[in-house]
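Undergrad: This is the structure, below, for whatever I ask next.
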Amino acid sequence: MLHSLEEYITDWHWTNVFQVFLPEGRTSRFNYGFGMILGITCLTASILAVQYLFNFSMCADDTFTFTILVLLSLLATMKILLSVIFMLMLNVKRLHDINESGLWTCLLLMPVLGAILVVFLLFVPGYTFRNQFGVPPA
C-alpha cells in the first residue's frame, strides 16, 4: 500500500503509463492493430471536437463563452498531438519488433507508402527471439 504522494509518483505502475510515448522496446501485431484503432479513433474524435468547438466559438456572443470554447479547442488540439505521437511511437516499436530501424516511420509522411507500411506492419510476424531492441513482446 502506498502511503504518500511521492511513493505513488515513483511507483513503477505509474511510469508504465508513459511508456507508450517512448520509442523504446517492441510491440506485437495484436497490440499494434489495437493501438492503431485506438489512436485513429482518438485522433478523429479530437479533430471533430476542434472543428465543432471552433465553429461554435465563432457564434459565441459573450467573452466568457468564447474563452471557454477556445480553451477547450486547445485541449482537443493537445489531444491530437498526443494521438499522433502515440501512433508514431507504436509504429517505431512495431518496426523494432521486426528488427528494423524506427526511421522507416518517415514513410508514413508519404500517403501511399505510409498506407503500405501500416498494412505491412499489421501482417508481418515479429522476431521470436531477442534482437537489438529487446526481448519479444509477451
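Numbering (my numbering), first residue to last: 542 to 679.
No residue lacks a Cβ here, since even glycine has one placed at the ideal position from N, Cα and C.
Since the structure is predicted, the reported quantities are computational estimates derived from the model, not experimental observations.
Counting only the same chain and skipping the five closest in sequence on each side, list residues whose C-beta sits under 7 Å from that of Leu629.
TA: Residue 629 sits at position 88 when you count from the first residue of the sequence shown. These residues qualify, in order along the chain: Thr646.
Undergrad: Going by Cα to Cα distance, which pick from Tyr668, Gly675, Leu648 and Leu631 is closest to Leu579?
TA: Along the sequence shown, read from residue 1 onward, the residue named residue 579 stands at position 38. If we check each option's Cα against that of Leu579, Leu631 comes out closest.
Undergrad: Is it right to say Thr568 is buried, meaning 16 or more other beta carbons lie within 10 angstroms of its own, or is it exposed?
TA: For this step, residue 568 is matched to residue 27 along the sequence shown. Label assigned to Thr568: buried.
Undergrad: Taking only heavy atoms of the ligand SAH into account, decide whether any of them is closer than 7 Å to the Cβ of Arg635.
TA: Within the structure as shown, the ligand SAH is missing, as the structure has no ligands at all.
Undergrad: Using 10 angstroms around the beta-carbon of Gly576, count the other beta-carbons present and answer buried if the total reaches 16, otherwise exposed.
TA: The residue you call residue 576 lines up with position 35 of the sequence shown. Buried, because 16 or more other Cβ atoms sit within 10 Å of the Cβ of Gly576.
Undergrad: Would you mind working out which of Phe595, Ile581 and Cys600 sits nearest Leu615, comparing C-alpha positions?
TA: Mapped onto the sequence shown, residue 615 falls at position 74. When each option's Cα is compared against that of Leu615, the closest is Phe595.
Undergrad: Over what stretch of residues does the alpha helix (DSSP H) that includes Ser598 continue unbroken?
TA: Here residue 598 is taken as the residue at index 57 of the sequence shown, counted from 1. Segment Arg570 to Met599, the alpha helix (DSSP H) holding Ser598.
Undergrad: Going by C-alpha distance, which of Tyr668, Leu654 and Val653 is nearest Ile639?
TA: As a first step, residue 639 is located in the sequence shown; it is residue number 98 there, counting from the start. Taking only the C-alpha atoms, the option nearest Ile639 is Tyr668.
Undergrad: Measuring alpha carbon to alpha carbon, tell me which residue in Leu563, Ile621 and Ile657 is nearest Thr585.
TA: Start at 1 with the first residue of the sequence shown, and residue 585 comes out as number 44. Comparing Cα positions, the closest option is Ile621.
Undergrad: Nearest-angstrom Cα distance between Thr606 and Tyr593?
TA: Here residue 606 corresponds to residue number 65 of the sequence shown, with the count starting at 1. Here residue 593 corresponds to residue number 52 of the sequence shown, with the count starting at 1. Cα to Cα, Thr606 sits roughly 14 Å from Tyr593.
Undergrad: Drop a sphere of 10 angstroms on the beta-carbon of Ala656, count the other beta-carbons inside from all chains shown, and report buried for 16 or more, exposed for fewer.
TA: The residue you call residue 656 lines up with position 115 of the sequence shown. It is exposed - the Cβ of Ala656 has fewer than 16 other Cβ atoms within 10 Å.
Undergrad: Gly667 by DSSP, collapsed to three states: which one?
TA: Residue numbering aside, residue 667 sits at position 126 when the sequence shown is read from its first letter. Coil at Gly667, not helix or strand.
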